[in-house]
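First up is the structure itself, then whatever we jot down about it.
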Amino acid sequence: TQLLEQSPQFLSIQEGENLTVYCNSSSVFSSLQWYRQEPGEGPVLLVTVVTGGEVKKLKRLTFQFGDARKDSSLHITAAQPGDTGLYLCAGALTNAGKSTFGDGTTLTVKP
Amino acid sequence: DSGVTQTPKHLITATGQRVTLRCSPRSGDLSVYWYQQSLDQGLQFLIQYYNGEERAKGNILERFSAQQFPDLHSELNLSSLELGDSALYFCASGQGGTDTQYFGPGTRLTVL
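Chains as they are written, first to last, in the working numbering: chain F, 1 to 111; chain Y, 112 to 223.
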């Protein structure tokens, strides 16, 4: 079983639409990261959230960490083709020394 | 540019062979992580080193080994290669523990 469940697995939308992707777990995380990965390249860090209930904004992207630090969401407003990619969440358990990655959401934004 | 470098970028070899992948972490980072990513498996954690010592182990095969040197660069050795070892191999670096990881561009390994 995957420690971090990401949904949906695949998402295809038109340019200009809004979307939300989710990262859920039954475990509590001390921090959680979101990455975006393009084909053949390494994941690129978008944000780190550490406080329950925290909301961070990065231009058209809004990240939220759940109050209980068990889940997170990524909302994209007015999606653009350049947002296309694999979105990965990764969480660090409070008693572990490494992060665990979800399987990701593959987003395609059509012009 | 994350500051993490990996060489080589591409590697093509035959079954049964042995290869070494190299990673240099960001300046100041003490921890190096290795991941394998194949089409059907997602990003799989292999192993973590912190300041030269093994810190955590994931789904790393016995045919694979790694080490981190005094200058903090790391090498991942893959031996007795099989077709199923074909994948992207990523190195990431960080401060260690529950911190953020910064990924290199990856090495694409093709085993023929």
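Ideal placement from N, C-alpha and C gives every residue a C-beta, glycine not left out.
Of the residues the options, which one's Cα is nearest the Cα of residue i?
i, options, result
"Thr150 of chain Y", "F:Pro111, F:Gly104, F:Lys110 and F:Gly82", "Reading off the sequence shown, one finds Leu at residue 150 of chain Y, where the question assumed Thr. Among F:Pro111, F:Gly104, F:Lys110 and F:Gly82, the Cα nearest to that of Leu150 of chain Y is on F:Gly104."
"Gln64 of chain F", "F:Val49, F:Glu38 and F:Gly16", "F:Val49"
"Leu194 of chain Y", "Y:Ile158, Y:Gln128, Y:Gln155 and Y:Gln178", "Y:Gln128"
"Thr51 of chain F", "F:His75, F:Cys89, F:Leu3 and F:Arg69", "F:Arg69"
"Ser225 of chain Y", "Y:Asp182, Y:Asp196 and Y:Leu189", "Nothing can be reported for residue 225 of chain Y: it is not among the residues displayed for chain Y, which extend from 112 to 223."
"Ser72 of chain F", "F:Arg60, F:Lys56 and F:Pro111", "F:Lys56"
"Thr113 of chain Y", "F:Glu41, F:Gly82, F:Leu107 and F:Lys59", "Note on identity: in this sequence residue 113 of chain Y is Ser, with Thr being the wrong assignment. Considering only alpha carbons, the answer is F:Glu41."
"Leu199 of chain Y", "Y:Tyr213, Y:His184, Y:Thr221 and Y:Gln179", "Y:Thr221"
"Gln212 of chain Y", "Y:Pro136, Y:His121, Y:Leu122 and Y:Thr124", "Y:Pro136"
"Phe214 of chain Y", "F:Gln37, F:Gly66, F:Arg60 and F:Gly53", "F:Gln37"
"Phe47 of chain F", "F:Leu32, F:Pro39 and F:Arg60", "Reading off the sequence, residue 47 of chain F comes out as Val, not Phe. Closest option to Val47 of chain F, Cα to Cα, is F:Leu32."
"Asn18 of chain F", "F:Arg60, F:Val44, F:Ser27 and F:Cys89", "F:Arg60"
"Asn24 of chain F", "F:Cys89, F:Pro111 and F:Ser99", "F:Cys89"
"Asp67 of chain F", "F:Pro39, F:Leu11, F:Ser99 and F:Ser27", "F:Ser27"
"Thr77 of chain F", "F:Thr100, F:Leu93, F:Thr20 and F:Pro39", "F:Thr20"
When you compare the CB positions of residue i and residue j, do they come within less than 8 Å of one another, or not?
i, j, result
"Tyr160 of chain Y", "Ala203 of chain Y", "no"
"Gly205 of chain Y", "Gln117 of chain Y", "no"
"Trp34 of chain F", "Leu4 of chain F", "no"
"Leu107 of chain F", "Tyr87 of chain F", "yes"
"Leu223 of chain Y", "Ala125 of chain Y", "yes"
"Ser185 of chain Y", "Arg166 of chain Y", "no"
"Gln148 of chain Y", "Phe201 of chain Y", "yes"
Leaving out the 5 sequence neighbours to the left and right, which residues in its chain are closer than 6 Å to residue i when beta-carbon positions are compared?
i, result
"Ile158 of chain Y", "Trp145, Lys168, Ile171 and Ala177"
"His121 of chain Y", "Arg219"
"Glu54 of chain F", "Phe65"
"Tyr22 of chain F", "Ser7 and Ser73"
"Ile123 of chain Y", "Thr221"
"Ser179 of chain Y", "The question names Ser, yet the displayed sequence has Gln at residue 179 of chain Y. So the list reads Val143, Tyr160, Gly163 and Ser185, once near-sequence residues are dropped."
"Pro111 of chain F", "Glu15 and Pro81"
"Leu132 of chain Y", "Leu187, Tyr200 and Thr218"
"Thr62 of chain F", "His75"
"Pro43 of chain F", "Tyr35, Gln37 and Leu88"
Whose C-beta lies closer than 7 Å to the C-beta of residue i among residues of the same chain, with five residues either side of it excluded?
i, result
"Val109 of chain F", "Ile13, Glu15, Ala79, Gln80, Pro81, Asp83 and Thr84"
"Leu45 of chain F", "Gln33 and Tyr35"
"Asp196 of chain Y", "Leu189, Leu220 and Val222"
"Pro119 of chain Y", "Thr218"
Would you mind giving the Cβ-Cβ distance between residue i and residue j, rounded to the nearest angstrom? I have them listed as a contact below 8 Å.
i, j, result
"Gly91 of chain F", "Phe29 of chain F", "4 Å"
"Leu192 of chain Y", "Val115 of chain Y", "At roughly 24 Å, the Cβ-Cβ gap does not stay under 8 Å, so Leu192 of chain Y and Val115 of chain Y are not in contact."
"Leu189 of chain Y", "Phe175 of chain Y", "5 Å"
Against residue i, what residues of chain C qualify as contacts under a CB-to-CB distance less than 9 Å, listed in chain order?
i, result
"Gly217 of chain Y", "Here chain C cannot be found, since the structure's protein chains are F and Y."
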